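Take the position in the sequence shown, starting the count at 1, then add 166; the result is the number in the numbering used here.
Just so it is clear, CB atoms sit at the ideal spot from N, CA and C, and this is done for glycine as well.
Since this is a predicted model, take the numbers as computed values, not measurements.
Encoded as structure tokens, the structure appears first; notes follow it.
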Amino acid sequence: MVKGFEHVIRPSVYMAYEDKYFDSLAVNLAFIHYEKLAEMFGGYGELVEDPDQIVPAIERAIASGKPAIVNVRVEDILKDGYSTRTKVMATAFAPYCRDYE
Numbered sequence: 167m168v169k170g171f172e173h174v175i176r177p178s179v180y181m182a183y184e185d186k187y188f189d190s191l192a193v194n195l196a197f198i199h200y201e202k203l204a205e206m207f208g209g210y211g212e213l214v215e216d217p218d219q220i221v222p223a224i225e226r227a228i229a230s231g232k233p234a235i236v237n238v239r240v241e242d243i244l245k246d247g248y249s250t251r252t253k254v255m256a257t258a259f260a261p262y263c264r265d266y267e
């Protein structure tokens, strides 16, 4: 999840500065269709907006046999933590993450 970077920075900004900078440009990035980059270079790209489609999308990406980007769109982080939808999507994605030490 590329946009995951924003989801790491944003809570830190809120904790440090509360409401003063929470909605600043640096922590509110526009949605980007990264899956289109894979398609442009002959790879497999797919946008996922439904938590139930994360696993099938990853399976389709693997089955394609091409370099792939599965772009999972998540809701913005709420000021008091992650949204329920973001937690559900992260939980569904977690089994496909590997620990590279």
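### Message
Check for me: the beta strand (DSSP E) holding valine 236 runs from which residue to which?
### Response
Your numbering for residue 236 matches position 70 in the sequence shown. Start and end: 234–238.
### Task
Report all residues from its chain with a CB closer than 7 Å to the CB of glutamate 205; omit the five preceding and five following residues, and keep chain order.
Within the sequence shown, the letter at position 39 stands for residue 205. Excluding sequence positions up to five before and after glutamate 205, its CB lies within less than 7 Å of the CB of Gly211, all in the same chain and listed in chain order.
### Query
Among all the DSSP beta bridges, which residues are the ones paired with valine 214?
The residue labelled residue 214 in the question sits at position 48 within the sequence shown. Looking at the DSSP output, valine 214 sits in a beta bridge with Val238.
### Task
Figure out for me which residue from Ser230, Val221, Asp218, Leu213 has the closest Cα to the Cα of isoleucine 198.
Stepping through the sequence shown from its first residue, residue 198 is reached at position 32. Sorting Ser230, Val221, Asp218, Leu213 by C-alpha distance to the C-alpha of isoleucine 198 places Leu213 at the top.
### Message
Which residue marks the beginning of the alpha helix (DSSP H) containing isoleucine 198, and which one marks its end?
### Response
The sequence position of residue 198 within the sequence shown is 32, counting from 1. Isoleucine 198 -> no alpha helix (DSSP H), and no H or E assigned at all.
### Beta-carbon separation (whole angstroms), isoleucine 224 vs valine 236, contact threshold 8 Å
In the sequence shown, residue 224 corresponds to position 58, counting from 1. In the sequence shown, residue 236 corresponds to position 70, counting from 1. About 6 Å; that satisfies the 8 Å criterion.
### Query
Roughly how many whole angstroms lie between the Cα atoms of glutamate 215 and valine 238?
Within the sequence shown, the letter at position 49 stands for residue 215. Within the sequence shown, the letter at position 72 stands for residue 238. Going from the Cα of glutamate 215 to the Cα of valine 238 covers about 6 Å.
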